[in-house]
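All remarks here apply to the structure that follows.
Protein chains: 2
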Amino acid sequence: MPRPSVEAERREQILSAACEVVSEIGFKSLRIADVAGRAGTSSGTVHYYFDTKTALMRAAFEWNFTRSLERRRHLLEEHQDPPQRLRAFVESYLPGDPETVRAWHVWAELWVEALHDPDLQELNEQVYGEWRRLVASIVRDGQDAGLFRDEDPVVVANALIGMIDGLALQVLLGSRSMTLERMRAVCEQVLRSLTVGSSAQPPLDGRGAGSTAATA
Amino acid sequence: MPRPSVEAERREQILSAACEVVSEIGFKSLRIADVAGRAGTSSGTVHYYFDTKTALMRAAFEWNFTRSLERRRHLLEEHQDPPQRLRAFVESYLPGDPETVRAWHVWAELWVEALHDPDLQELNEQVYGEWRRLVASIVRDGQDAGLFRDEDPVVVANALIGMIDGLALQVLLGSRSMTLERMRAVCEQVLRSLTVGSSAQPPLDGRGAGSTAATA
DNA sequence: CTCTAAGTTGACTGGCCAGTCAGTCCAGAA
DNA sequence: TTCTGGACTGACTGGCCAGTCAACTTAGAG
Chain Y
1 MPRPSVEAER REQILSAACE VVSEIGFKSL RIADVAGRAG TSSGTVHYYF
51 DTKTALMRAA FEWNFTRSLE RRRHLLEEHQ DPPQRLRAFV ESYLPGDPET
101 VRAWHVWAEL WVEALHDPDL QELNEQVYGE WRRLVASIVR DGQDAGLFRD
151 EDPVVVANAL IGMIDGLALQ VLLGSRSMTL ERMRAVCEQV LRSLTVGSSA
201 QPPLDGRGAG STAATA
Chain B
1 MPRPSVEAER REQILSAACE VVSEIGFKSL RIADVAGRAG TSSGTVHYYF
51 DTKTALMRAA FEWNFTRSLE RRRHLLEEHQ DPPQRLRAFV ESYLPGDPET
101 VRAWHVWAEL WVEALHDPDL QELNEQVYGE WRRLVASIVR DGQDAGLFRD
151 EDPVVVANAL IGMIDGLALQ VLLGSRSMTL ERMRAVCEQV LRSLTVGSSA
201 QPPLDGRGAG STAATA
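One line per chain: the protein sequences are Y and B, in this order.
Quick note: the first sequence, position 99, residue 99 per the numbering used here, numbers continuous.
Quick note: the second sequence, position 172, residue 172 per the numbering used here, numbers continuous.
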């Protein structure tokens with residue numbers, strides 16, 4: 001056998017490049033040649049590893065997801081305390097640093113592609129399920145430890161994740177009404193309201209410090 | 001002067017067709033000929049009214065929005081009571097009937113297009129701002145009437161709208177974890193927790209409604 | 001009736017790009 | 001050293017489609 005296989009490495013290069021390009025110009029405008037250029041290779045090579053553009057994109061979406069999970073694995077070790085753990089996860093999803101922004105862009109493109117593609121819907125289902133299960137289990141742990149209010153964890157997870165998705169989208173769109181800072185404030189407010197006996201914002205008194213931030 | 005102008009009518013036909021096609025196959029796959037066919041006219045006519053595909057899409061996005069507003073205007077008259085009004089609005093945004101689903105599809109396409117198009121970002125900003133202002137004012141009215149808990153209305157509006165966007169997306173994607181019914185349930189849970197003295201969940205005790213609102 | 005111009009048509013073109021392919025390169029096996 | 005086959009290249013092609021355009025239709029003005 002000839003050269004040692006460079007397949008894994010090359011695939012990774014290409015997928016990474018594909019995500020960058022998608023994030024920058026969108027799936028619609030993406031040309032194979034762009035990806036090749038970004039990956040420092042030729043369009044022929046891209047086709048050597050991925051039969052069709054569709055296959056490439058599907059792989060890129062998957063790669064984007066596993067990558068996101070990996071980048072967050074350490075959070076589970078760093079934070080044992082459920083409230084801290086949840087907060088750390090939510091914080092890590094705020095579209096702040098370039099890498100997270102890029103991942104969100106790719107994610108958004110996946111959503112819209114998936115609206116007309118059952119395969120991608122399945123991918124979304126897996127990913128979303130995983131994320132939802134994680135959040136729900138953290139909530140459950142927190143409740144068992146008496147640290148979170150006793151709402152239905154699945155409802156809480158759904159509501160929280162939905163909110164993050166919706167807010168992130170607006171932040172990514174450069175909304176003046178929903179900036180990164182404001183998103184963070186809203187998330188913190190919500191997280192605070194989840195915890196038992198959190199000081200800042202007695203549920204009944206209205207305009208606490210928490211809300212203000214978001215307001216701004 | 002020749003024939004009476006049919007411009008307004010024809011434009012409307014085309015925009016409506018464009019929204020239908022976008023909803024069905026997505027912006028990326030949309031061909032001018034598809035729109036023309038759907039509108040019962042020719043591709044030449046589409047170009048007669050809209051110089052470029054981009055111009056057509058921008059107009060379609062705008063049309064989709066004003067249309068959504070119009071379809072909801074009656075809700076303001078039908079419901080004076082803030083909690084009812086808010087509930088009616090939220091209910092009307094659930095992706096249930098085909099028309100609402102179509103509007104959501106178009107909206108999702110706009111989002112992703114806008115990620116790479118400042119003009120569309122501006123459009124999103126206007127629309128999102130309008131919707132956010134409406135929700136916040138309903139919340140404020142409800143608080144003045146002593147019917148809603150005294151959270152910052154802007155935070156509540158942002159959290160609620162973000163949540164609706166994120167959940168709707170999952171419903172549109174045909175998620176098994178997030179069906180229309182489950183979305184409705186989550187929304188109702190959140191709305192309930194917003195109101196003062198709603199039975200279900202006493203505010204200060206762990207399972208309080210107050211916090212839930214935001215929580216969810 | 002004639003003239004005018006808005007409105008409409010669909011064949012056509014020019015550019016773009018996914019995917020193909022014939023050929024090159026090269027690491028290691030024999 | 002030769003041979004093998006995986007890896008890689010980039011010119012090329014075939015199909016697609018936005019946008020153009022020359023020709024036509026029609027409704028009202030004069």
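No residue lacks a Cβ here, since even glycine has one placed at the ideal position from N, Cα and C.
Exposed unless 16 or more other CB atoms sit within 10 angstroms - verdict on Pro118 (chain B): exposed
Whole-angstrom distance between Val135 (chain B) and Gly26 (chain Y), CA atom to CA atom: 32 Å
Simplified DSSP state of Thr195 (chain Y), which is helix, strand or coil: Here Thr195 (chain Y) carries a strand assignment [DSSP, helix/strand/coil].
Proximity to Tyr93 (chain B) [Cα-Cα], best of B:Thr179, B:Ile164 and B:Arg176: B:Ile164
DSSP-derived helix/strand/coil call for Phe27 (chain Y): In this structure, Phe27 (chain Y) counts as coil in the three-state DSSP scheme.
Residues sharing a beta bridge with Phe148 (chain B), DSSP: B:Thr195
Beta carbon of Pro95 (chain B) nearer than 9 Å to that of Asp141 (chain B): no
Can you name the residues of chain B whose CB is closer than 8 Å to the CB of His79 (chain Y)? Near His79 (chain Y) there are no residues of chain B at all, since even the closest Cβ is about 20 Å away, more than 8 Å.
Short-range partners of chain Y found in the stretch 123–136 of chain B, where Cβ spacing is below 7 Å: Asn124, Glu125, Tyr128, Gly129 and Arg132
Could you check what DSSP says for Gly174 (chain Y) in three-state terms: helix, strand or coil? coil
Is the shortest distance between the beta-carbon of Gly174 (chain B) and the beta-carbons of chain Y less than 9 Å? yes
Classification of Val6 (chain B) by the beta-carbon crowding that lies within 10 angstroms, buried from 16 upward: Exposed, because fewer than 16 other Cβ atoms sit within 10 Å of the Cβ of Val6 (chain B).
Going by beta-carbon coordinates alone, are Leu167 (chain B) and Gly37 (chain Y) separated by less than 9 Å? no
From the beta carbon of Gly40 (chain B), is the nearest beta carbon of chain Y less than 9 Å away? No, no contact with chain Y.
Taking C-beta to C-beta, are Leu76 (chain Y) and Arg85 (chain Y) nearer than 9 Å? yes
Please classify Asp165 (chain Y): does DSSP put it in a helix, a strand, or coil? helix
Roughly how many angstroms lie between the CA atoms of Ala103 (chain Y) and Leu110 (chain Y), to the nearest whole one? 11 Å
Under the three-state reduction of DSSP, which class applies to His74 (chain Y): helix, strand or coil? helix
Just the Cα atoms here: how many angstroms apart are Trp131 (chain Y) and Ile138 (chain Y)? Taking the straight line joining both Cα atoms gives about 11 Å.
Would you say Trp111 (chain B) faces chain Y, with C-beta separation under 9 Å as the test? yes
Cutoff 8 Å; reference Asp97 (chain Y); Cβ partners in own chain excluding five residues on either side: none
Beta-carbon of Asp152 (chain B) versus every beta-carbon of chain Y: anything under 9 Å? Taking Cβ atoms only, chain Y reaches closer than 9 Å to Asp152 (chain B), which makes this a yes.
Buried or exposed for Ser29 (chain B), please, with buried defined as at least 16 other CB atoms from any protein chain shown within 10 angstroms of its CB. exposed
Quick one: Cα of Ala18 (chain Y) to Cα of Leu173 (chain Y), how far? Rounded to the nearest angstrom, the two C-alpha atoms are 21 Å apart.
For Leu123 (chain B), I'd like the list of residues in its chain whose CB is within less than 8 Å of its CB, leaving aside the five on either flank, ordered along the chain. Arg58, Phe61, Glu62, Phe65, Leu110 and Ala114
Can you look up Ser211 (chain Y) in the DSSP assignment and give me helix, strand or coil? Any reading at Ser211 (chain Y) needs caution, since the residue's pLDDT is 39, under 50, leaving its predicted position unreliable; the model's value is listed next. Reduced to three states, the DSSP call for Ser211 (chain Y) is helix.
Decide if Arg31 (chain B) is buried, meaning its Cβ has at least 16 other Cβ atoms within 10 Å, or exposed. exposed
In chain order, which beta strand (DSSP E) runs of at least 3 residues are fully inside the stretch 30–100 of chain B? none
8 Å contact criterion, which Leu160 (chain Y) and Val190 (chain Y) should meet: CB distance rounded: 7 Å
Starting from Val186 (chain Y), find everything on chain B with Cβ-Cβ shorter than 7 Å and list it in chain order. Val155, Asn158 and Ala159
Kindly list, in the order they appear in chain Y, the residues whose Cβ is closer than 9 Å to that of Ile25 (chain B). His116
Identify whether Thr115 (chain Y) lies in helix, strand or coil by the three-state DSSP scheme. According to the sequence provided, residue 115 (chain Y) is Leu. The question's Thr does not apply to it. Looking at Leu115 (chain Y) - three-state DSSP - the assignment turns out to be coil, as it is neither helix nor strand.
Partner residues on chain Y for Gly162 (chain B), Cβ-Cβ distance less than 9 Å: Gly162, Met163, Ile164, Asp165, Gly166, Leu167, Ala168, Leu169, Gln170, Met178, Met183 and Val186
Please check the pair Tyr128 (chain Y) and Gln170 (chain B), which I expect to be a contact at CB under 8 Å, by giving their CB distance rounded to whole angstroms. 6 Å
Contact defined as beta carbons within less than 8 Å: I believe Ser177 (chain Y) pairs with Val106 (chain Y). What is the distance between those atoms, to the nearest angstrom? That pair is no contact at about 24 Å.
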